[in-house]
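Everything on this sheet refers to the single structure shown next.
Chains as they are written, first to last, in this note's numbering: chain V, 5 to 135; chain S, 55 to 341.
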């Protein structure tokens with residue numbers, strides 16, 4: 005079986021490793037916060053209105069809720085790490101390609117990251133419905 | 055809720071889609087949640103399946119990270135365009151166009167369902183001539199196929215056409231709330247001549263980015279219900295991990311047949327939605 009040139013092969017191994025590390029950290033952090041949140045929810049019972057959807061009023065009240073082991077503050081943190089994982093995967097890949105001196109892909113990844121940021125800004129400003 | 059999420063994650067990992075098609079209807083029909091809560095929860099859980107599935111596929115060296123990154127330019131740009139022009143176009147026209155497109159792709163992929171296994175058996179995938187862009191970016195790779203018990207090497211062809219079709223997937227996800235995994239897999243497999251399994255794994259890898267972008271918007275709007283997302287996301291993660299472990303053991307023909315059924319269903323849903331929006335015709339089984 006013919007293999008590719010070693011440099012590309014090595015680069016693929018390295019970038020795969022970087023991606024795997026980020027995804028692993030993101031996944032286990034999310035699982036941790038979700039499991040703690042759900043356990044607290046079953047132990048402490050539901051808040052008055054679990055479907056209200058308001059979780060974040062101010063940073064101080066959020067910290068306060070976290071210290072008082074409010075289930076929703078843990079679930080909130082889990083959702084934050086969940087959403088940030090793929091986005092940080094793109095962001096950190098920029099540096100991984102940079103280290104491998106693969107400048108075409110540095111460029112491609114920067115474009116992807118900028119478009120993601122632009123979409124988030126557009127979506128937040130115009131409240132575009134995605135569903 | 056947890057069990058349905060496991061099923062959705064398993065199924066999604068098998069064919070490289072997000073699984074929103076299963077999660078949204080089950081949350082609304084079985085748990086009587088409002089459609090907006092269901093969609094927001096679904097989008098967040100699609101990230102979860104993508105993380106778990108992608109992790110397993112990257113680990114198994116089936117995902118082509120470079121190819122994924124290249125096509126993400128098209129899908130993210132498409133999603134942005136879709137979000138921007140969404141107000142200008144009629145939803146029913148788009149739904150019909152998408153429905154017909156997906157049905158067409160379903161039929162052509164079903165006709166070619168044996169092709170993948172044959173190409174793998176005859177080492178055909180490495181003989182496709184890469185186009186200049188694919189050569190320049192070295193969009194090539196190989197993976198070990200457990201079912202065929204051999205390394206499968208491939209080179210991407212028609213990378214420009216493939217990214218155009220992927221941008222349509224992006225526009226669709228921006229406009230209609232479909233994940234677009236179906237279209238990405240079809241573009242990679244039928245156009246760019248990427249083996250089915252590498253297409254599925256790479257699609258799984260890419261979906262997280264699209265879903266995360268949408269999820270941020272829902273999240274900032276306070277539309278994500280934490281008590282729904284948490285169990286669904288945990289379930290889809292478990293299911294996606296299982297599904298991605300099984301996938302490489304199956305023959306491509308099996309994966310393609312499951313994929314065909316999913317495409318038929320999606321195509322039917324889109325056409326039914328379009329007819330409903332414009333003419334008020336309610337076809338049976340519309341969600």
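We put the CB at the ideal spot given by N, CA and C, even for glycine.
Taking only beta-carbon atoms, is residue 270(S) less than 8 Å away from chain V? The residue given as residue 270(S) occupies position 216 in the second chain. Between residue 270(S) and chain V, the shortest Cβ-Cβ separation is below 8 Å.
Where does residue 305(S) sit, in a helix, a strand or coil, going by DSSP? Here residue 305(S) refers to the residue found at position 251 of the second chain. DSSP places residue 305(S) in coil when its eight states are reduced to three.
Could you name the residues that DSSP lists as bridge partners for residue 209(S)? Walking along the second chain from the start, residue 209(S) turns up at place 155. According to DSSP, residue 209(S) bridges with 194(S).
Name, please, each residue of chain V whose Cβ falls closer than 8 Å to the Cβ of residue 198(S). As a working note, residue 198(S) is residue 144 in the second chain. Contact of residue 198(S) with chain V by beta-carbon distance below 8 Å is absent, the smallest such distance being about 10 Å.
Using the three-state DSSP reduction, which class does residue 327(S) fall into: helix, strand or coil? Here residue 327(S) corresponds to residue number 273 of the second chain, with the count starting at 1. The answer is helix: DSSP assigns residue 327(S) an H, G or I state.
Enumerate in chain order the residues of its own chain whose CB-to-CB distance from residue 171(S) is below 6 Å, with the five nearest sequence positions on each side excluded. Here residue 171(S) is taken as the residue at index 117 of the second chain, counted from 1. Excluding residues within five positions, the ones whose Cβ falls inside 6 Å are 305, 306, 307.
Counting only the same chain and skipping the five closest in sequence on each side, list residues whose C-beta sits under 6 Å from that of residue 194(S). Position 140 of the second chain, counted from the first residue, corresponds to residue 194(S). If the five residues before and after residue 194(S) are omitted, its C-beta is found closer than 6 Å to the C-beta atoms of 209, all from its own chain and listed in chain order.
Run down chain S in chain order and give the residues with a C-beta less than 8 Å from the C-beta of residue 89(V). Here residue 89(V) corresponds to residue number 85 of the first chain, with the count starting at 1. Simply 101, 105, 262, 266.
Output the boundary residues of the alpha helix (DSSP H) element that contains residue 184(S). As a position in the second chain, residue 184(S) is number 130, starting the count at 1. Segment: none, residue 184(S) is in no alpha helix (DSSP H) and carries neither H nor E.
Cβ neighbours of residue 22(V) in the same chain (closer than 6 Å, five flanking residues each side left out): Residue numbering aside, residue 22(V) sits at position 18 when the first chain is read from its first letter. Here the set comprises 100.
Option in 15(V), 74(V), 81(V), 46(V) with minimal Cα separation from residue 33(V): Within the first chain, the letter at position 29 stands for residue 33(V). Nearest of 15(V), 74(V), 81(V), 46(V) to residue 33(V), Cα basis: 81(V).
Residues of chain V with a CB under 9 Å from the CB of residue 283(S): which are they? The residue given as residue 283(S) occupies position 229 in the second chain. Within chain V, the residues 38, 79, 82, 83, 86 have their CB atoms less than 9 Å from the CB of residue 283(S), given in chain order.
Segment contact, 8 Å Cβ cut-off, at least three pairs: the region 254-261 of chain S with the region 96-116 of chain S: A contact exists between the region 254-261 of chain S and the region 96-116 of chain S.
If we cut at 8 Å on Cβ distances, does residue 69(V) have a partner in chain S? What you label residue 69(V) is simply residue 65 of the first chain in a count that begins at 1. Under the 8 Å criterion on CB atoms, residue 69(V) is classed as non-interfacial with respect to chain S.
Could you check which residue in 29(V), 42(V), 16(V), 24(V) has the C-alpha nearest to that of residue 285(S)? For this step, residue 285(S) is matched to residue 231 along the second chain. Among 29(V), 42(V), 16(V), 24(V), the Cα nearest to that of residue 285(S) belongs to 42(V).
State the DSSP-derived secondary structure class of residue 106(V), mapped to helix, strand or coil. Here residue 106(V) refers to the residue found at position 102 of the first chain. In the structure shown, residue 106(V) sits in coil (DSSP, three-state: anything other than H, G, I, E or B).
From what residue to what residue does the alpha helix (DSSP H) around residue 109(S) run? Counting from 1 along the second chain, the entry for residue 109(S) is found at position 55. If you look at residue 109(S), you'll find it in the alpha helix (DSSP H) that goes 89-113.
For residue 198(S) and residue 113(S), I'd like the C-alpha separation in whole angstroms. Residue numbering aside, residue 198(S) sits at position 144 when the second chain is read from its first letter. Residue numbering aside, residue 113(S) sits at position 59 when the second chain is read from its first letter. Each residue's alpha carbon lies about 12 Å from the other.
Backbone CA spacing between residue 67(V) and residue 77(V) [nearest angstrom]: Locating residue 67(V) in the first chain gives position 63, counting from the first residue. Locating residue 77(V) in the first chain gives position 73, counting from the first residue. Cα-Cα distance, rounded: 8 Å.
Any C-beta of chain V under 8 Å from that of residue 127(S): Counting from 1 along the second chain, the entry for residue 127(S) is found at position 73. Yes, because at least one Cβ of chain V sits closer than 8 Å to the Cβ of residue 127(S).
Coil, strand or helix - residue 204(S) by DSSP: Translated into positions along the second chain, residue 204(S) becomes position 150. If DSSP states are grouped into helix, strand and coil, residue 204(S) belongs with the strands.
Given that residue 113(S) touches chain V, what residues does it touch there, using C-beta distances under 7 Å? For this step, residue 113(S) is matched to residue 59 along the second chain. Correct list: 24.
Taking all protein chains shown into account, decide if residue 271(S) is buried (16 or more other Cβ within 10 angstroms of its Cβ) or exposed. For the purposes of this step, residue 271(S) is taken as residue 217 along the second chain, with counting starting at 1. Residue 271(S) comes out buried.
Taking just the CA atoms, how far does residue 108(V) sit from residue 267(S)? Counting from one through the second chain, the residue named residue 267(S) turns up at place 213. Counting from one through the first chain, the residue named residue 108(V) turns up at place 104. In a straight line, the C-alpha of residue 267(S) is about 24 Å away from that of residue 108(V).
Using a threshold of 8 Å, state whether the C-beta atoms of residue 224(S) and residue 130(S) are closer than that. For the purposes of this step, residue 224(S) is identified with residue 170 of the second chain, where counting begins at 1. For the purposes of this step, residue 130(S) is identified with residue 76 of the second chain, where counting begins at 1. In terms of Cβ geometry, residue 224(S) and residue 130(S) form a close pair [threshold 8 Å].
Best match in 124(V), 79(V), 25(V), 39(V) for proximity to residue 135(S) [C-alpha to C-alpha]: Mapped onto the second chain, residue 135(S) falls at position 81. From the listed residues 124(V), 79(V), 25(V), 39(V), the smallest Cα separation to residue 135(S) is found for 124(V).
Hey, could you find the ends of the alpha helix (DSSP H) residue 79(S) is sitting in? Here residue 79(S) refers to the residue found at position 25 when the second chain is read from its first residue. Annotation for residue 79(S): the continuous alpha helix (DSSP H) segment containing it runs 74-83.
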